[in-house]
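**Student:** For reference, the structure I am asking about is given below.
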Amino acid sequence: MRTKWLLIGIGLLVGVVAIAAIACDDDDENGGDGGGARELTATLSEMEGSGVTGTAILTEDEDGTTRVVVSMEGLPEGPHANHIHHVTCDAQGEIHLTLEELQAGADGDAEATTTDFPEEDPDRELNYFAAGHYIAVHVGGNDTVGAVISCGNIE
Numbered sequence: 008m009r010t011k012w013l014l015i016g017i018g019l020l021v022g023v024v025a026i027a028a029i030a031c032d033d034d035d036e037n038g039g040d041g042g043g044a045r046e047l048t049a050t051l052s053e054m055e056g057s058g059v060t061g062t063a064i065l066t067e068d069e070d071g072t073t074r075v076v077v078s079m080e081g082l083p084e085g086p087h088a089n090h091i092h093h094v095t096c097d098a099q100g101e102i103h104l105t106l107e108e109l110q111a112g113a114d115g116d117a118e119a120t121t122t123d124f125p126e127e128d129p130d131r132e133l134n135y136f137a138a139g140h141y142i143a144v145h146v147g148g149n150d151t152v153g154a155v156i157s158c159g160n161i162e
């Protein structure tokens, strides 16, 4: 009888440990590390003495796509195109993605969030942007673009 109760006790203990292990599993259903939101950043520095600086924060949404928030200071009032480009600021590569246009007020501040990536773009996951990409902010809006006035490598 004592052996029977010992076996039941061990069975219950194994069950509790198994449930605890599943509850503490670090992998979420999207293949992430379960350790909170993953994040990449770019510190945007002025180009050619423009005085325009800012930050970009890239995070991964629950559906596996990337969210990009660009916050800028010192912009001339009006619209400003901004993009994710290939390679680095020094190399000035091709545009990979057009981000939501920044709209600067009289104070020169602007923030834009991009969550809509083209469905046909196979490279929408955060990991893709972890190396070899940068964010550029331009003097003009999407219709005129113009020179790059602020730039930062994504790290």
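Residues in the sequence shown are numbered from 8 upward in steps of one, following the working numbering. Using N, Cα and C, we set each Cβ at its ideal position, and we do this for glycine too.
With H, G and I counted as helix, E and B as strand and the rest as coil, what does DSSP make of N134?
**Tutor:** Helix at N134.
**Student:** Sort N160, I161 and V155 by Cα distance to G56 and report the nearest one.
**Tutor:** With distances taken between Cα atoms, G56 lies closest to V155.
**Student:** Which of helix, strand or coil does DSSP assign to S57?
**Tutor:** Reduced to three states, the DSSP call for S57 is coil.
**Student:** How is R45 classed by DSSP in three states: helix, strand or coil?
**Tutor:** Correct three-state label for R45: coil.
**Student:** Start and end of the beta strand (DSSP E) containing G159?
**Tutor:** It spans V155 to N160 - the beta strand (DSSP E) in which G159 sits, taken as one unbroken run.
**Student:** Could you please give the first and the last residue of the uninterrupted beta strand (DSSP E) stretch that includes V75?
**Tutor:** From DSSP, the beta strand (DSSP E) with V75 extends over T73 to E80.
**Student:** Count the other CB atoms, across all protein chains shown, that sit within 10 Å of the CB of A98; report buried if there are 16 or more and exposed otherwise.
**Tutor:** Result: exposed.
**Student:** Pick out whichever of H90, P86, R45 and R131 has its Cα sitting closest to the Cα of A113.
**Tutor:** Among H90, P86, R45 and R131, the Cα nearest to that of A113 is on P86.
**Student:** Determine the direct distance from the alpha carbon of M54 to that of T6, and round the result to whole angstroms.
**Tutor:** Only positions 8 to 162 of the chain appear in the structure, and residue 6 is not among them; the question remains open.
**Student:** Distance, Cα to Cα, D123 vs R131?
**Tutor:** Roughly 10 Å separates the two Cα atoms.
**Student:** Whole angstroms is fine: what's the gap from V146's alpha carbon to L104's?
**Tutor:** Those two C-alpha atoms are separated by around 17 Å.
**Student:** Put P83 into one of helix, strand or coil per three-state DSSP.
**Tutor:** Correct three-state label for P83: coil.
**Student:** In three-state terms, what does DSSP make of V144?
**Tutor:** V144 falls in the strand class under three-state DSSP.
**Student:** Mind checking which residues open and close the beta strand (DSSP E) that includes T95?
**Tutor:** From DSSP, T95 is part of no beta strand (DSSP E); its letter is neither H nor E.
**Student:** Any idea if E67 is buried or exposed, counting beta-carbon neighbours within 10 angstroms, 16 or more meaning buried?
**Tutor:** So E67 counts as buried.
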